[in-house]
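Here the sequence shown stands for residues -26 to -1, 1 to 244, where the numbers follow mature numbering (1 follows the signal peptide of the UniProt record, and there is no 0). Using N, Cα and C, we set each Cβ at its ideal position, and we do this for glycine too. What you are looking at is a predicted structure, and each value in this text was computed from that prediction instead of being measured.
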Amino acid sequence: MSATPRTLALAFVSTVALLLAPTAAAAPAMSAPAATTALPAAKVATAKKVTFRLQTKAKTVMYTSAKGSKKRATIPADYTMKAKSATLKNSRYKVTYKGKTGWVKKSKVSKVSVKTKIGKLSWAGSAKKNIKRWCKGVPVTTKKETTNYAQVSSNGTARIVLSRTAFGKKLDPNHALAVATQYHECAHVLQYRVYNYDFRAAEKAMKKVYPKPLKHASSFEHMADCIADAMGAKREGKLTGSMTYIAGYGGDCSKKQMKAAKKILAGKRI
């Protein structure tokens, strides 16, 4: 920010001293010193204030420089760190992670509030982040081992309870199975929400698009799977080692069911 140069105007006053003695000559006129030209103020560059923190979307490499490929550290998913500068350099942000300074790719991080706590999100925190687009504000709690469920009341309150394990093994909150489960329970909240928490009306609507459910899957549960699919869930895949998983109740979703699922996601009734 540069200051506007100020021009200083100097008034010149010539004074003549007169002596009363008749034989004395008049004193010479006194001249004021010559005015000096003011120099322009120097421009001072101020760094742009950083008004955000950065959170990793997935496991992320921290590089030693803004351009090179040398790795300084690997940062886990859902880790919030301090941004050293608000300005990008070669599509990378300068950050600090556990006392180390380095650079991360813009595509690997999201901006979060500067008030966000530095460090990794809790299991529940990661789950809330995953369903935030549809179930923002819905409380999420976890247990080491529990049945996953959503609890909804007719007054509009809701909560989701999730297990941090699967088949007796620790489950990463961002594993495809965990995310599919999170989406499914969030879908239950949406099913009731779109029908203004009228349970009978919501369940009746689900039966319209899935009238003959399988023995182990109600119409309501299957449609929650379809809504999860519309969110992007991956309901089949590898768990660990040679172990695979299949999440869900009623099998594949028909075109009619997927169309209905997308309507619910959009906040519309079937």
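Item: Sequence-distant residues of the same chain with beta carbon closer than 6 Å to ALA60, five excluded per side; Value: LYS22 and VAL24
Item: Assigned exposure category for HIS158 - 16 Cβ within 10 Å defines buried; Value: buried
Item: Proximity of GLY111 and THR54 at Cβ, strictly below 8 Å; Value: no
Item: Cβ separation of LEU95 and VAL114, assumed to be a contact under 8 Å, to the nearest whole Å; Value: So it is not a contact: roughly 11 Å between Cβ atoms.
Item: Rounded C-alpha distance that separates SER127 from LYS208; Value: 29 Å
Item: For ALA204 and MET232, the rounded distance between their alpha carbons; Value: 7 Å
Item: Whether THR48 touches LYS33 by CB criterion (8 Å); Value: yes
Item: Nearest-angstrom beta carbon gap, TYR171 and GLY130 [assumed within contact, 8 Å]; Value: 5 Å
Item: Range covered by the beta strand (DSSP E) that runs through VAL163; Value: That residue, VAL163, is in no beta strand (DSSP E); its alpha helix (DSSP H) goes 150 to 168.
Item: For ARG174, the three-state DSSP class (helix, strand or coil); Value: helix
Item: Opposing strand residues paired with GLN29 [DSSP bridges]; Value: THR54 and SER84
Item: Alpha-carbon to alpha-carbon, TYR166 and ALA132; Value: 10 Å
Item: Three-state secondary structure assigned by DSSP to residue 246; Value: No answer is possible for residue 246: the residues shown for the chain start at -26 and end at 244.
Item: For LYS63, the first and last residue of its enclosing beta strand (DSSP E); Value: No beta strand (DSSP E) contains LYS63, which DSSP labels as neither H nor E.
Item: Buried versus exposed call for GLU211 [16 or more other C-beta atoms within 10 Å across all chains shown]; Value: The amino acid occupying residue 211 in the given sequence is Gly; Glu does not appear at that position. Under this definition GLY211 is an exposed residue.
Item: THR155 versus TYR169: straight-line alpha-carbon distance, rounded; Value: 22 Å
Item: Per DSSP, the bridge partner or partners of LEU136; Value: THR116
Item: Counted within 10 angstroms of its Cβ, other Cβ atoms place ASN148 as buried (16 or more) or exposed; Value: buried
Item: Secondary structure of GLY130, DSSP reduced to three states; Value: coil
Item: Buried/exposed call for PHE194, threshold 16 Cβ in 10 Å; Value: buried
Item: Residues bridged to GLU195 (per DSSP); Value: BP columns for GLU195 are empty, so no partner.
Item: Identified DSSP bridge partners for THR214; Value: MET217
Item: Same chain only: Cβ atoms within 6 Å of SER65, ignoring 5 sequence neighbours per side; Value: LYS80
Item: SER43, buried or exposed, once every other Cβ within 10 Å from all chains shown has been counted against 16; Value: exposed
Item: Proximity below 8 Å, CB of THR75 to CB of LYS68; Value: yes
Item: Residues near LYS230 by beta carbon distance below 8 Å, same chain, minus five either side; Value: VAL183
Item: ALA98 - DSSP class collapsed to helix/strand/coil; Value: helix
Item: Beta-carbon proximity of residue 247 to LEU188, cut-off 8 Å; Value: Because the chain in this structure spans residues -26 to 244, residue 247 falls outside the shown range and cannot be described.
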